[in-house]
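Participant: Take 1 as the starting number for the sequence shown in my numbering and just add one per residue.
Don't be surprised by glycine CBs; every beta carbon is placed ideally from N, CA and C.
Please see the structure below; I have some questions.
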Amino acid sequence: MTHNVIDLGSDTDLAKAVAGLMPGLWRDLADLVRIPSVFPSPDVAEARQAIVKLFQEAHITEAGELSLTHQGKPLTPLVYADKAGPVNSPTVLLYAHYDVQPANKAGWHVTEPFAPKEVLCGTDKRLYGRGAADDKSGVMLHLAVARAFGGKLPVHLKLMLEGEEENGTGLLEDYLIAHPDDQRFKADLIIVADTGNVALARPTVTTTLRGVVTVDVTVHTLRKPVHSGMYGGPVPDAFTCLVRMLSTLHDANGDVAVKGLAVDDLPWPAVDETRLHEEAAMLDGVRFVGTGTLAQRLYGKASVNVVGLDAGLPQPNKSANVLRDKASARISMRTAPTQDPAAAQRALIDHLKAHVPWGVQVETTPGITAYGFSANPNGTYFPLVEQALKAAYPGSVKVERAGQGGSIPLVHAFQVVNPNADIVLWGCEEPKCGIHGPDESVSHAELQAMATAEVLLLDRIGKAGHHNGGAM
Ligand SMILES: [Zn+2]
């Protein structure tokens, strides 16, 4: 197995090459942050054109816009490139997204969302601005690869940058699942650069994601609202009935009480209680709910929360003495990585139907279902991934295999298209980045280290030369 031979000389050269690329990458990242590419604004196209140009100038002359349609609906064009490597070299598909979360000025203190600003936080040089981390830093990692190899790539490269990820349209996932034979998206290894280390400078691969399902539930008790003085007592109001049903979703410990759900247990790194309490903005005295380790509760078990409510009720200070006739809630369930989401959704609906009080009428409407993800721990490329990360973070003892409580439905679509491929999730989005919130930022050191890791990984894969049989 030649891939276990570490070529230190070449590692050092490549790491130096990336260090030399940093001023340009940092400047280009700032320029991209200046483009407010919030889907569906026209700025998304401006960002796309700028990125195509950057890759073309970085010797990926094949880079261009790829327009797809699914069931008559046009997708926001991808930045796409397919560039052959040495004969018989494995195919690596690099993914990131160039659209960003919406942002207004509220809550931004360091700078305005689309006015990138460099700030030194202790020894940590950071770039502030919307999308600096999520996920224009991911675009930069792939650009670093293109620049570092100067057109002589060690692998067959496919580049795929999405323009409507944050919007959650799901069109790209739907397209891929409907076209599992589309050769343009086949690869031996897929690198999704849209996650991050568990902490700054602690090299991490994200190996699990939770899935997500939603169900809307509506309770009807009366043909119309009626006076609480005349009828209150024997006559149930809809909101109280809904609350009773919702309260059955957890047991007294706060564990999800819906039966038949998957529970996964993997050696995720331990989650620090104090830090989680702080990061989740929990108030003093508020305790964690559920049982099991915090990591398992965050990454390996289902969670259920009410995320929407309509009971037709006024503000408390404007209320009248009325029994309401109907009330609805949207229930969102995050699922264990290996959970079949349709089964979880059915279990949730069955639970609600089994807990209807006092003969009231209940309607349930299934909403979204999205798969989680659990990486193959024995994947062909994982030893190389770990070597690359260790070399990029000198002094780090181990590479963490982290879970993520959120969902990236596209990863499941990649698995459908590439059942034998390895999928690596990593990137620059460590907790200090504050993605999706105000004052989003990215660390210069982290961008450099992760770019180095990606360059070293592709170098190693080129030298190892083995395939997963997924690509042509
Ligand atoms: Zn993202």
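So the candidates are Val38, Asp28, Val87; which of them puts its Cα closest to the Cα of Asp462?
Facilitator: A small correction: the amino acid at residue 462 is Gly; Asp does not occupy that position in the sequence shown. The shortest Cα separation from Gly462 among Val38, Asp28, Val87 belongs to Val87.
Participant: Can you tell me whether Glu429 sits near ligand 3, meaning its C-beta is under 8 Å from at least one heavy atom of the ligand?
Facilitator: Summarising the ligand content, the structure contains ligand 1 and does not contain ligand 3.
Participant: Would you check if the distance between the CB atom of Pro225 and the CB atom of Asp310 is smaller than 9 Å?
Facilitator: No, the pair does not count as a contact, with Cβ atoms beyond the cut-off.
Participant: Do you know how far the Cα of Glu430 is from the Cα of Ala199?
Facilitator: 6 Å
Participant: So which of Val416, Thr380, Val424, Gln404 has the shortest CA-CA distance to Gly465?
Facilitator: The candidate whose alpha carbon is nearest that of Gly465 is Thr380.
Participant: From the DSSP output, in three-state form, read off Pro74 for me.
Facilitator: strand
Participant: Does the distance from the C-beta atom of Val100 to that of Asp124 stay below 9 Å?
Facilitator: no
Participant: Identify every run of the beta strand (DSSP E) within the stretch 380 to 431, keeping only runs that are complete inside it and at least 3 residues long; order them along the chain.
Facilitator: Entirely contained in the stretch 380 to 431, the beta strand (DSSP E) runs reaching 3 residues are, in chain order, 400 to 404, 422 to 426.
Participant: Could you check the C-alpha separation between Thr2 and Phe288 for me, to the nearest Å?
Facilitator: Note that Thr2 scores a pLDDT of 40, beneath 50, so its modelled location is shaky; the value from the coordinates is reported in the next line. Computed Cα separation, rounded: 48 Å.
Participant: Please work out which residues of its chain come closer than 7 Å, Cβ to Cβ, to Ala30, disregarding the five sequence neighbours upstream and downstream, and give them in chain order.
Facilitator: Pro116, Leu127
Participant: Rounded to whole angstroms, what is the Cα-Cα separation between Leu457 and Gln387?
Facilitator: 8 Å
Participant: Can you tell me whether Leu8 is buried or exposed? The criterion is at least 16 other CB atoms within 10 Å of its CB, across all chains shown.
Facilitator: Any reading at Leu8 must be qualified, since the residue scores a pLDDT of 44, below 50, and its modelled position is unreliable; no value is offered.
Participant: Rounded to the nearest angstrom, what separates Arg130 and Pro357 at their Cα positions?
Facilitator: 47 Å
Participant: So is the beta-carbon of Glu278 under 8 Å away from any non-hydrogen atom of ligand 1?
Facilitator: no
Participant: Within the stretch 261 to 311, note down every full beta strand (DSSP E) run reaching 3 residues or more, in order along the chain.
Facilitator: 303 to 310
Participant: Identify the continuous beta strand (DSSP E) that holds Pro438 and give its terminal residues.
Facilitator: Neither: Pro438 is in no beta strand (DSSP E) and is coded neither H nor E.
Participant: Does DSSP put Ser137 in a helix, in a strand, or in coil?
Facilitator: helix
Participant: Does the beta-carbon of Thr291 have 16 or more other beta-carbons within 10 angstroms, so that it is buried, or is it exposed?
Facilitator: exposed
Participant: Give the straight-line distance between the Cα atoms of Lys16 and His444, rounded to the nearest whole angstrom.
Facilitator: 15 Å
Participant: Using only CA atoms, which one of Pro113, Val243, Leu94 lies nearest to His436?
Facilitator: Pro113
Participant: Taking the alpha-carbon positions, what's the Leu78 to Glu162 distance?
Facilitator: 5 Å
Participant: By DSSP, does Asp237 sit in helix, in strand, or in coil?
Facilitator: coil
Participant: So the candidates are Val286, Glu46, Tyr80; which of them puts its Cα closest to the Cα of Arg34?
Facilitator: Glu46
Participant: Hey, out of Tyr80, Leu249, Ala84, whose CA is closest to Ala94's CA?
Facilitator: The amino acid at residue 94 is misidentified as Ala; the sequence shows Leu. With distances taken between Cα atoms, Leu94 lies closest to Tyr80.
Participant: What does the alpha-carbon distance come out to for the pair Val499 and Arg147?
Facilitator: This structure cannot speak to residue 499, because the chain is shown only from 1 to 472.
Participant: If you measure from the CB of Ile435, is any heavy atom of ligand 1 nearer than 8 Å?
Facilitator: yes
Participant: Figure out for me which residue from Leu75, Pro40, Gly85, Arg48 has the closest Cα to the Cα of His59.
Facilitator: His59 has its Cα closest to that of Gly85, out of Leu75, Pro40, Gly85, Arg48.
Participant: Is Pro337 closer than 9 Å to Phe373 when the C-beta atoms are compared?
Facilitator: yes
Participant: Please give the ranges of any alpha helix (DSSP H) in the stretch 330 to 377, keeping only runs that are unbroken, at least 4 residues long and fully inside the region.
Facilitator: The qualifying runs are 341 to 354.
Participant: Ligand 1: which residues have Cβ under 5 Å from any of its heavy atoms, chain order?
Facilitator: Asp134, Asp135, Asp194
Participant: State the DSSP-derived secondary structure class of Gly232, mapped to helix, strand or coil.
Facilitator: When DSSP states are grouped into helix, strand and coil, Gly232 belongs to the strand group.
Participant: Hey, out of Gly308, Arg210, Gln56, Glu278, whose CA is closest to Gly403's CA?
Facilitator: Arg210
Participant: Kindly indicate which residue of Leu447, Val217, Val385, Gln448 has the alpha-carbon position closest to the one of Leu189.
Facilitator: The residue with the shortest Cα to Cα distance from Leu189 is Val385.
Participant: Just curious, the alpha helix (DSSP H) that Ile51 is in, first and last residue?
Facilitator: 43 to 57
Participant: Within its chain, find whatever has a CB closer than 8 Å to the CB of Lys105; leave out the 5 residues flanking it on each side and keep chain order.
Facilitator: If we look at Lys105 and ignore the five residues flanking it on each side, its Cβ neighbours are Glu112, Pro113.
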